[in-house]
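What follows is one structure encoded as structure tokens, with my remarks underneath.
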Amino acid sequence: MAVKKSSETATKKANVSQEESERLASELADKPYGSQPQVRAPDKRKAVPISVSLPPSMIEQIEDVVLANKRGGMPNRTVSALIRSALEAQGFKAK
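Residue 1 is where the sequence shown starts when you use the UniProt record's numbering, and the numbers rise one by one after that.
Shown next as structure tokens:
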């Protein structure tokens with residue numbers, strides 16, 4: 001298959017009108033001019049993982065409580081939920 005030279009294809013390009021170029025630019029633009037920006041929903045903040053060092057006996061107690069909660073269908077079925085509940089009981093609130 002023969003490849004055309006760039007000079008041959010350049011002469012065959014169609015002329016684009018000003019209206020067509022403006023329409024394409026407004027379609028592709030992230031923020032079109034002359035229109036109201038869309039209001040984005042507020043970001044819901046996700047939990048951030050942290051690392052806490054605890055004595056092994058305390059970790060075992062926490063894991064025992066979590067396991068009992070899981071088996072009993074009680075709330076606080078994860079270590080994170082149990083710690084979150086304890087922090088909220090001490091007055092710490094999520095915003």
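Note that the Cβ used here is the ideal one computed from N, Cα and C, for glycine as well.
The structure presented is a predicted model; accordingly, all values stated were derived computationally and were not measured.
When DSSP labels each residue in this structure, what does residue i get in the three-state scheme?
i	result
residue 72	helix
residue 94	coil
residue 29	coil
residue 50	coil
residue 3	coil
residue 184	This structure does not reach residue 184, given that the chain is present from 1 up to 95, and the question cannot be answered.
residue 81	helix
residue 56	helix
residue 23	helix
residue 41	coil
Look at the Cβ atom of residue i, then the Cβ atom of residue j, and state whether they are nearer than 7 Å.
i	j	result
residue 62	residue 48	no
residue 76	residue 67	no
Would you please verify whether the beta carbon of residue i is less than 7 Å from any beta carbon of chain D?
i	result
residue 52	Going by chain labels, chain D is absent from the structure shown, which holds only one protein chain.
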